[in-house]
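Step one of this worksheet: look at the structure below.
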Amino acid sequence: AAADGAAPPAAAEAALGEVALGEAAEGEVAEEVEEPRIVTLFRRLKELQELPEDVQSLEQKEELANLSEELAAMHEEAQQLNAEAKVTRRLARRSEKARVAAVEASADMRKALEQTDDEVQRRRDDAARKASFW
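Take the sequence shown: its position 58, counted from the start at 1, is 410 in my numbering, and no numbers get skipped.
Next up, the structure:
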């Protein structure tokens with residue numbers, strides 16, 4: 353059980369790091385992650401795992417199991433946060449693309465309106481010339 357509990361926490365720490373790096377890459381301030389708590393839990397887990405099983409007390413074995421469960425829960429939460437961060441980054445990119453497309457469309461519309469205004473003015477001028485000619 354101790355070896356099983358050690359693998360997810362390492363992945364959890366890596367996943368938490370990815371979430372923080374992902375948000376930092378986007379220029380956002382990441383929420384405070386309880387990294388000191390994670391480090392403390394890992395340190396205690398390692399201490400308990402280093403004790404020979406025949407020397408471990410029942411309390412230490414229970415603490416080891418609890419730490420493994422808590423770190424596994426943190427790992428799961430880190431994975432969920434990482435998935436949410438990926439979705440958020442993807443939506444932000446789509447939003448930026450939509451904003452750029454809207455700006456370009458607005459510029460095209462402005463240009464078309466100016467051309468329409470120019471065409472209307474040209475037709476008025478032509479009509480005025482024809483009217484003054486007759």
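Ideal Cβ positions, reconstructed from N, Cα and C, are used throughout, including at glycine.
Assigned secondary structure, residue i (DSSP; H/G/I helix, E/B strand, else coil)
| i | result |
| --- | --- |
| residue 465 | helix |
| residue 431 | helix |
| residue 405 | coil |
CB contact below 8 Å: residue i versus chain C
| i | result |
| --- | --- |
| residue 413 | Note that chain C does not occur in the displayed structure, where there is just one protein chain. |
C-alpha gap between residue i and residue j, whole angstroms
| i | j | result |
| --- | --- | --- |
| residue 440 | residue 434 | 10 Å |
| residue 486 | residue 457 | 43 Å |
| residue 396 | residue 448 | 45 Å |
| residue 443 | residue 472 | 42 Å |
| residue 416 | residue 404 | 13 Å |
| residue 437 | residue 408 | 40 Å |
Burial state of residue i, where buried means 16 or more other Cβ atoms lie within 10 Å
| i | result |
| --- | --- |
| residue 420 | buried |
| residue 461 | exposed |
| residue 423 | buried |
| residue 454 | exposed |
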